[in-house]
Amino acid sequence: MGFDPSRPDIHLGHVVGLRKLRQLQDLGHQLILIVGDWTAQIGDPSGRSATRPMLTHEEVMENAQSYLRQFFKVVDRDRAQVVYQSEWFGKFSLADVIGLTGRFTVAQFLERDDFAKRFAEHRPIAITELLYPLLQAYDSVAIQSDVEFGGTDQMFNLLVGRELQEMMGQRAQQCFLMPILVGTDGVQKMSKSLDNYVGVEEAPDDMFGKIMSLPDEFIVSYFEYLTDAPETELEDMSRS
């Protein structure tokens, strides 16, 4: 699994996937956590209509340390290996970048929902943004991933990873797509960029206030994705 330290906070939307990772660890699997210290400096518009601001490497590394502290509140540190993209991208030459971009077409990448929408609306798409799925895909090659986790909005990027692995003679990874948690606005997905999130390290009173402000129709999904409530209890909630 990889994370993009574009901001210093992990929120409950991230916890949905982290809980599943912890379950796999408890079953004996080893987790490799990729810190996206390169892609965070590019920005990725997954599910959004505006680009993220570019960060300096110092800002990214500061955010990454904050991320790791929060990440290990859920995931077992002793059964996780932390690696940084710079371990392989730091050695990339211009020839490597050109070779990577030559494996895919612009038409393929414009099939991604967010790019397609912005292209149709004549909104700008930076060339650096088109590099993001390629770099994330190469992460899978670099660590020879057999399983990659991501939200349903990351499906395109994960599938590019599968395709690139096969191109480079590796076995294609399996993709685990996790459901998207609706943010505190009750409209869009929980996101740091949209500022509609509940941070893992927020004060308990602040977390409680944000959760209580949610529309009633989302309470069951929060219990389902973020707790170990039994199915019978979830069914009772849905009926009430």
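Here the sequence shown stands for residues 1090 to 1329, numbered as in the numbering used here. Here a beta-carbon is modelled for each residue, glycine too, at the ideal position from N, C-alpha and C.
C-beta contact flag for Ala1129 and Ser1155 at 8 angstroms: Within the sequence shown, the letter at position 40 stands for residue 1129. Within the sequence shown, the letter at position 66 stands for residue 1155. No, the pair does not count as a contact, with Cβ atoms beyond the cut-off.
Rounded distance between the beta-carbons of Thr1194 and Leu1223, thought under 8 angstroms: Counting from 1 along the sequence shown, the entry for residue 1223 is found at position 134. Counting from 1 along the sequence shown, the entry for residue 1194 is found at position 105. That belief does not hold up - the Cβ atoms of Leu1223 and Thr1194 are roughly 12 angstroms apart, past 8 angstroms.
Counted within 10 angstroms of its Cβ, other Cβ atoms place Ala1209 as buried (16 or more) or exposed: Against the sequence shown, residue 1209 aligns to sequence position 120. Result: exposed.
Proximity of Pro1304 and Gly1258 at Cβ, strictly below 8 angstroms: In the sequence shown, residue 1304 corresponds to position 215, counting from 1. In the sequence shown, residue 1258 corresponds to position 169, counting from 1. No. Outside cutoff.
N- and C-terminal bounds of the alpha helix (DSSP H) containing Leu1199: By one-based count along the sequence shown, residue 1199 stands at place 110. Looking at the DSSP string, Leu1199 is not in any alpha helix (DSSP H), and its letter there is neither H nor E.
Paired residues, beta bridge with Glu1237 - DSSP: Numbered from 1 along the sequence shown, position 148 holds the residue referred to as residue 1237. Beta-bridge pairing links Glu1237 to Cys1264.
Val1271 versus Leu1144 - alpha carbon distance: As a working mapping, residue 1271 is identified with position 182 in the sequence shown. As a working mapping, residue 1144 is identified with position 55 in the sequence shown. If you take the alpha carbons of Val1271 and Leu1144, they lie about 26 angstroms apart.
Rounded C-alpha distance that separates Ala1169 from Pro1213: Taking the sequence shown and counting its residues from 1, the one referred to as residue 1169 is at position 80. Taking the sequence shown and counting its residues from 1, the one referred to as residue 1213 is at position 124. In a straight line, the C-alpha of Ala1169 is about 38 angstroms away from that of Pro1213.
Beta carbon of Gln1254 nearer than 8 angstroms to that of Val1230: As a first step, residue 1254 must be located in the sequence shown, where it is residue number 165. As a first step, residue 1230 must be located in the sequence shown, where it is residue number 141. Contact flag set, yes.
Identified DSSP bridge partners for Tyr1173: In the sequence shown, counting from the first residue as 1, residue 1173 sits at position 84. Tyr1173 pairs with Val1124.
Burial state of His1211 (16 or more Cβ within 10 Å): Position 122 of the sequence shown, counted from the start, is the residue given in the question as residue 1211. It is exposed - the Cβ of His1211 has fewer than 16 other Cβ atoms within 10 Å.
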